[in-house]
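Notes follow once the structure below has been shown.
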Amino acid sequence: MAVERTFSIVKPDAVAKNVIGEIYSRFERAGLKIIASKMMHMSQEKAEGFYAEHKERPFFGALVEFMTSGPVMVQVLEGENAIKANREIMGATNPAEALRGTLRADYAVTVDENAVHGSDAPESAAREIAYFFSEDELCPRTR
Ligand code: RTP
Ligand code: MG
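Residue numbers (the UniProt record's numbering): 1 to 143.
Structure, rendered in structure tokens:
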């Protein structure tokens with residue numbers, strides 16, 4: 001498996017819990033490299049665009065409200081099999097189903113406020129990275 005990039009969000013609930021560093025540590029311990037990162041407070045328009053695929057779902061309004069309720073950290077992770085590796089670190093969408101030791105088991109309480117986001121496929125990763133970062137904000141490691 002070649003080196004891959006994925007897009008990740010530390011959601012408002014996890015920022016509020018003050019566990020940004022804990023979450024970044026999990027990425028680093030798993031061998032994922034943070035090659036871009038910033039804090040932002042998403043506008044409604046930005047969050048709606050990000051979750052456009054869920055527009056018709058019953059939870060869409062609550063999801064957008066939650067994602068704009070406070071600042072988030074957005075980052076690009078790079079490493080072997082990064083998309084799947086990050087999904088494993090995150091755990092299941094519903095924290096009640098998340099395996100022990102995953103981020104959602106440790107930091108999420110409900111399916112609505114579940115601590116982190118991670119891209120689910122190469123196409124969504126590319127789209128999501130470009131939605132938040134310009135090419136010159138990506139800093140691949142040279143050493
Ligand atoms: P994410 O996109 O945030 O990484 O999460 P995911 O792939 O595990 O889940 P997805 O199906 O893409 O759903 C996106 C986010 O919508 C919220 N959600 N709420 N109330 C519900 O039944 C429900 N289902 C999904 C979650 O915050 C989920 O992360
Ligand atoms: Mg998703």
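Think of the CB as a built atom: it goes at the ideal place given N, C-alpha and C, for glycine as much as any other residue.
- Serine 134 places its beta carbon 8 Å or farther from that of threonine 6.
- By the neighbour-count definition (other C-beta atoms within 10 Å, threshold 16), glutamate 78 is a buried residue.
- Around the C-beta of histidine 54, fewer than 16 other C-beta atoms lie within 10 Å, and the residue is accordingly described as exposed.
- DSSP, read as helix, strand or coil, puts alanine 98 in coil.
- Scanning its chain for C-beta atoms nearer than 6 Å, with the 5 sequence neighbours on each side dropped, one finds around methionine 73 the residues Val10, Ile20, Met39, in chain order.
- Judged by beta-carbon spacing, isoleucine 129 lies beyond the 8 Å limit of arginine 26, meaning their Cβ atoms are not closer than that value.
- Residues Gly70 of the same chain have their beta carbon placed closer than 7 Å to that of alanine 16, with the five preceding and five following residues left out of the count.
- The residue among Ala115, Met42, Lys84 with its C-alpha nearest the C-alpha of tyrosine 24 is Ala115.
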